[in-house]
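**Student:** In our numbering, the protein residues as written are 1208 to 1442.
1) Give the DSSP bridge partners of residue 1321, in chain order.
2) Applying the criterion that 16 or more other CB atoms from any shown protein chain within 10 Å of the CB defines a buried residue, is residue 1295 buried or exposed?
3) Between which residues of its own chain and residue 1297 is the CB-CB distance below 6 Å, once the five residues before and five after are set aside?
4) Quick one: what's got a C-beta closer than 6 Å to residue 1407's C-beta in the same chain, skipping five residues either side?
5) Looking at the unbroken beta strand (DSSP E) that takes in residue 1402, where does it start and where does it end?
6) Could you tell me the boundaries of the beta strand (DSSP E) in which residue 1307 lies?
7) From the DSSP output, in three-state form, read off residue 1208 for me.
8) Among the residues of its own chain, which have a CB less than 7 Å from the CB of residue 1237, if the five just before and after it don't count?
9) First and last residue of the alpha helix (DSSP H) that includes residue 1242?
10) Can you tell me whether DSSP reads residue 1285 as helix, strand or coil?
11) Please report the Cβ distance between residue 1367 and residue 1354, rounded to the nearest whole angstrom; I am assuming they are in contact, meaning their Cβ atoms lie under 8 Å.
12) Identify the continuous alpha helix (DSSP H) that holds residue 1366 and give its terminal residues.
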């Protein structure tokens, strides 16, 4: 399914990421299970082994490197879908306490089965971000919140920042064509401040951008608004 470990290790080494053989074997299990499960439940358009390695596993692990995720951090992955970036981070960074949140229960079922298969310790939760941030004890409880291509940046800021504790950070994974500028006002209103912008390329030339936002003050209690308000009038 995935390329041989020696070839993958060479790829990871180019990005200064150390992935053990044991971890890579679990990535292999993950990839095989994902592709098989994907035949019945649509989780990803990426199903070739080499692409899964580059676009899913490598990209997910680069989040920890470029986002500078601290040791023993609590991390929330919003809109986790097929588990990226949260599950590769759980495999590589066993020190992290990871929660995966998704609005579709069929994805949560997949993530729970995957957790049992791989022997991971993450928590998969069914729920919408704009509801969970208002009605659960998850509000402002995470050191790091991340999301990968879930929504436009102003909307994603309103979904994400209410979960981040003051002093923590939100890390948004984006393609190259979505600038941060339209979201800066929303970020300020929600208690954040842009800390860093990291641009990089995956093998094959795919461009990526990571925006790192520091949480400097509490999010006003009126945010996040309900989904209708968010869609009709983004911050």
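We put the beta carbon where it would ideally sit given N, CA and C, even for glycine.
These figures come from a predicted structure and were not determined experimentally.
**Tutor:** Taking the structure as given:
1) DSSP output for residue 1321 lists no bridge partner at all.
2) With 16 or more other Cβ atoms within 10 Å, it is buried.
3) For residue 1297, where only same-chain residues beyond five positions count, the Cβ hits under 6 Å are 1305, 1327 and 1329.
4) Result list for residue 1407: 1415, in chain order.
5) Run containing residue 1402: 1399 to 1408, per the beta strand (DSSP E) assignment.
6) Segment 1304 to 1309, the beta strand (DSSP E) holding residue 1307.
7) When DSSP states are grouped into helix, strand and coil, residue 1208 belongs to the coil group.
8) Closer than 7 Å at Cβ, skipping near neighbours: 1294, 1321 and 1325.
9) For residue 1242, the enclosing alpha helix (DSSP H) covers residues 1228 to 1244.
10) Note: residue 1285 maps to strand in three-state DSSP.
11) With 8 Å as the limit, residue 1367 and residue 1354 qualify as a contact, their Cβ atoms being about 6 Å apart.
12) Segment 1360 to 1367, the alpha helix (DSSP H) holding residue 1366.
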